[in-house]
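Read the structure below first, then the notes.
There are 2 protein chains.
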Amino acid sequence: MDKRTGIPRKSIYRLSIYQRCLERLKNNDVETVSSSALAKAAGVKSTQLRKDLAHFGQFGIRGLGYNVNALAEVIIGVLGTSSLQAVILVGMGNLGAALSRYSGFGKEGFEISAAFEADPERAKTVRAGVQVLPASEMSPYVVEKEVRMAILAVPAEAAQSVTNELVSCGVQAILNFSPTVLKVPDNVIVNSVDLALELEHLSYFVK
Amino acid sequence: MDKRTGIPRKSIYRLSIYQRCLERLKNNDVETVSSSALAKAAGVKSTQLRKDLAHFGQFGIRGLGYNVNALAEVIIGVLGTSSLQAVILVGMGNLGAALSRYSGFGKEGFEISAAFEADPERAKTVRAGVQVLPASEMSPYVVEKEVRMAILAVPAEAAQSVTNELVSCGVQAILNFSPTVLKVPDNVIVNSVDLALELEHLSYFVK
DNA sequence: CTGTGTGAAGGCTTTCACAGCC
DNA sequence: GGCTGTGAAAGCCTTCACACAG
C-alpha cells in the first residue's frame, strides 16, 4: 500500500480500470450501474469494487447502484487525471517511436509533449509522433516545463543514468520499458513494463 | 497462486528477473553469488529470493551462496524457457509493428514466428520484422504449427473475438496489449499490459 | 427486495528469527 | 564467521456475511 495515503496500490490501479468501464457506459447513455455489473466488466468481484471505493467515501445509493457520471467524476478526481500532466518520452528506438505514435495515451487524456533521443542521426530520421529533441536538451526542458512524468524506452545500459538525470531534475514518476531494475529515491515511483519478461512469465504456464 | 502447482505467480514472475541477473553475472564470469547480492540486483529482499527458490528445491551452499551457472540452469528448467516456444503476433498497428521489430524478445530466447493483420493494405505496407499474413490464415497456422502463445495488439473492439478464435485453436497463453478485460476459460492464461493504464496509475502519485 | 457499506474472517505473501551447515 | 533453508509471525488484500438504506 501507499505509505503516504494508506490506500493499497492495487486499489488505485483498479480505479483506472473502473474509470475506463464507466467511460464506456457513459457513451452508451447508461445512467446507473450496480457494483456487480461494473465489477463484472472490470473483471473483479463486486465486494472488491465496493471496498476500493470505500477508501474514498460513499458514492452509491443502496438498492440502486451508482450514478455513472458522478462516480466517474469521483475517480477522475482521485486519480488526478483531471489535471493534465505533461509527459516526456526518452529514447526513440523501435519501442519509443511506436509509443510516440500510440493513440492510446491520448484517449486517456495524456499527451507526450516531447521526445528525446541521444543519437542525432536517429533523431532526424525516426518516424515520430511528436517533436524529437537531442538528449542534451532533456534536463533544461524538464526543469523549465516542470515535467513530473517520463516514459523511459532507452537501452538497458543507459536506463539508470537517464533515470538519475530525470530524478535530479524533479521527475517523480517513471514508466520504464527498459529491462532493468531501476534504483530511485523513495519519493519517486517507478512502474516497470518488461515486455520480454511478461512473455517469459507466460511460457511457464504453457504445457 | 497457481492452482496447478501451488506456487505463487509472483514467485514465478520473479524467477525471470533472477534469471536475467544471473545471465549478467555469467557474462562477467562470476561463479558464485549470495542470495543477498542477487536479491539486491533484482530489487527484492534476500529472504524472499530464498523462499522463491525453496519452492523448487535446495540449490545453495551454506556459508557460500549459489553457483551462478547451476542456478541459472535450474531456473531455465523451471520456467520452461529452455524449450523454445513459438509465438505469434496479432495486429500490426503502431504497437504491433514495433513489437515485431523489438529485439528484446529475441534476447530472451523468444522468436515471433509470424504476424497477422486484418487490413490487407496495412499488411502490405507495414514495416514489419517478421512475415505478415492475412487474418484469415491465423487459425490454420495456429492449428498446424501447434502455436501455444500469442501476443495481442489489436484494437479494443476486436480483442475479445480474436481471443476467442485463438483459444479455440489451442492457444494457452496470451500477452494482451489491448485496453480490454479479456474473458477466457480457466485453462488459458492472460497477461495484460495496458500502457495507458500504467501511465494513468502513475499520475496518481505525482503531487 | 435490491444493492450498498463494512466489521470480521480467511488466504496469500512477505518478513523475521534462528537453526543448521560449510 | 557467513550464508542458506525454514517454521512462525506479521502484514496485506480479498472474500464473506450481514446490517442497513432506499
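Line by line, the protein sequences are chains D and W. Heads up, my numbering is the position in the first sequence plus 866, with the first residue counted as 1. Heads up, my numbering is the position in the second sequence plus 866, with the first residue counted as 1. Note that CB positions come from ideal geometry on N, CA and C, so glycine has one too. It should be emphasised that the depicted structure is a prediction, and the values quoted were computed from it without experimental measurement.
Proximal residues of chain D, C-beta to C-beta of residue i below 7 Å
{"i": "W/Met1015", "result": "Leu1068, Ser1069 and Val1072"}
{"i": "W/Tyr879", "result": "His1067"}
{"i": "W/Ser882", "result": "Leu1063, Glu1066 and His1067"}
{"i": "W/Tyr968", "result": "Asn960, Leu961 and Leu1061"}
{"i": "W/Gly909", "result": "Val1047"}
{"i": "W/Ala1025", "result": "Within chain D, no residue comes near W/Ala1025; the closest Cβ sits about 13 Å away, beyond 7 Å."}
Cross-strand partners of residue i (DSSP beta bridge)
{"i": "D/Ala980", "result": "D/Ile954"}
{"i": "D/Ser1058", "result": "D/Asn1042"}
{"i": "W/Ile927", "result": "W/Gly931"}
{"i": "D/Val899", "result": "D/Tyr932"}
{"i": "W/Ile1017", "result": "W/Leu955 and W/Leu1041"}
{"i": "D/Leu999", "result": "D/Phe982"}
Presumed contact (8 Å Cβ cut-off) between residue i and residue j, rounded CB distance
{"i": "D/Ser882", "j": "D/Leu945", "result": "7 Å"}
{"i": "D/Glu974", "j": "W/Glu1031", "result": "D/Glu974 to W/Glu1031, Cβ: 27 Å. No contact."}
{"i": "D/Gly989", "j": "D/Pro1000", "result": "The sequence given here has Ala at residue 989 of chain D, not Gly. Going by Cβ atoms, the distance from D/Ala989 to D/Pro1000 rounds to 6 Å, so yes, they are a contact pair."}
{"i": "W/Val934", "j": "W/Glu897", "result": "6 Å"}
{"i": "W/Ala964", "j": "D/Ala1022", "result": "About 17 Å; that fails the 8 Å criterion."}
{"i": "W/Gln885", "j": "W/Ile942", "result": "7 Å"}
{"i": "D/Gln997", "j": "D/Phe976", "result": "With 8 Å as the limit, D/Gln997 and D/Phe976 do not qualify as a contact, their Cβ atoms being about 16 Å apart."}
{"i": "D/Leu1068", "j": "W/Asn1057", "result": "5 Å"}
{"i": "W/Ala1024", "j": "D/Val1047", "result": "That pair is no contact at about 35 Å."}
{"i": "D/Gln1026", "j": "D/Lys1049", "result": "7 Å"}
Proximal residues to residue i (C-beta, below 6 Å), its chain only, five neighbours per side dropped
{"i": "D/Arg967", "result": "Gly995"}
{"i": "W/Met1004", "result": "Phe982"}
{"i": "W/Ala1039", "result": "Met1015 and Ile1055"}
{"i": "W/Ala984", "result": "Ala1001"}
{"i": "D/Ser901", "result": "Ser912, Leu915 and Arg916"}
{"i": "W/Phe971", "result": "none"}
{"i": "D/Glu889", "result": "none"}
Cβ neighbours of residue i in the same chain (closer than 7 Å, five flanking residues each side left out)
{"i": "D/Ser877", "result": "Asp918 and His921"}
{"i": "W/Asp1060", "result": "Pro1045"}
{"i": "W/Phe925", "result": "Leu919, Tyr932, Ala936, Leu937 and Val940"}
{"i": "D/Val899", "result": "Leu891, Gly931, Tyr932 and Val934"}
{"i": "W/Ala980", "result": "Ile954, Val996, Gln997, Leu999 and Tyr1007"}
{"i": "W/Gly959", "result": "Ala1019"}
{"i": "W/Leu961", "result": "Ala1019 and Phe1043"}
Contact list for residue i against chain W, beta-carbon separation under 9 Å
{"i": "D/Thr947", "result": "Glu1066, Ser1069 and Tyr1070"}
{"i": "D/Ala938", "result": "None at all; the shortest Cβ gap to chain W is about 13 Å."}
Contact set between residue i and chain W, taken where Cβ atoms lie within less than 8 Å
{"i": "D/Val953", "result": "Leu1065"}
{"i": "D/Ala903", "result": "In chain order: nothing, as chain W lies at least about 13 Å away."}
Proximal residues of chain D, C-beta to C-beta of residue i below 8 Å
{"i": "W/Phe971", "result": "Leu1061, Ala1062 and Leu1065"}
{"i": "W/Ala1039", "result": "Leu1068, Ser1069, Phe1071 and Val1072"}
{"i": "W/Glu974", "result": "Ala1062, Leu1063, Leu1065 and Glu1066"}
{"i": "W/Arg886", "result": "Pro1045 and Leu1063"}
{"i": "W/Ala980", "result": "Neighbours of W/Ala980 on chain D: none; closest Cβ ~16 Å, over 8 Å."}
{"i": "W/Ala984", "result": "Correct list: empty, because the minimum Cβ distance to chain D is about 17 Å."}
Heavy atom of the ligand MN within 7 Å of residue i beta-carbon
{"i": "D/Asn893", "result": "The ligand content of the structure shown is nil, which means the ligand MN is not present either."}
Chain-ordered chain W contacts of residue i [CB-CB under 7 Å]
{"i": "D/Ile1055", "result": "Leu1068 and Phe1071"}
{"i": "D/Ala989", "result": "Under the 7 Å cutoff, chain W gives no residues; its nearest Cβ is about 17 Å from D/Ala989."}
{"i": "D/Ala920", "result": "In chain order: nothing, as chain W lies at least about 17 Å away."}
Nonlocal neighbours in the same chain, by C-beta distance under 8 Å from residue i, ignoring five residues either side
{"i": "D/Phe1071", "result": "none"}
{"i": "W/Cys887", "result": "Leu904, Ala907 and Ala908"}
{"i": "D/Asn1053", "result": "Gln1038"}
Check whether the stretch 1042-1052 of chain D touches the stretch 1031-1039 of chain W, counting contact only when three or more Cβ pairs, one atom from each stretch, lie closer than 8 Å. No, the stretch 1042-1052 of chain D does not touch the stretch 1031-1039 of chain W.
Could you check whether the stretch 951-959 of chain W touches the stretch 1011-1027 of chain W, counting it as contact only if at least three pairs of C-beta atoms, one from each stretch, sit closer than 8 Å? The stretch 951-959 of chain W makes contact with the stretch 1011-1027 of chain W; the number of CB pairs closer than 8 Å reaches 3 or more.
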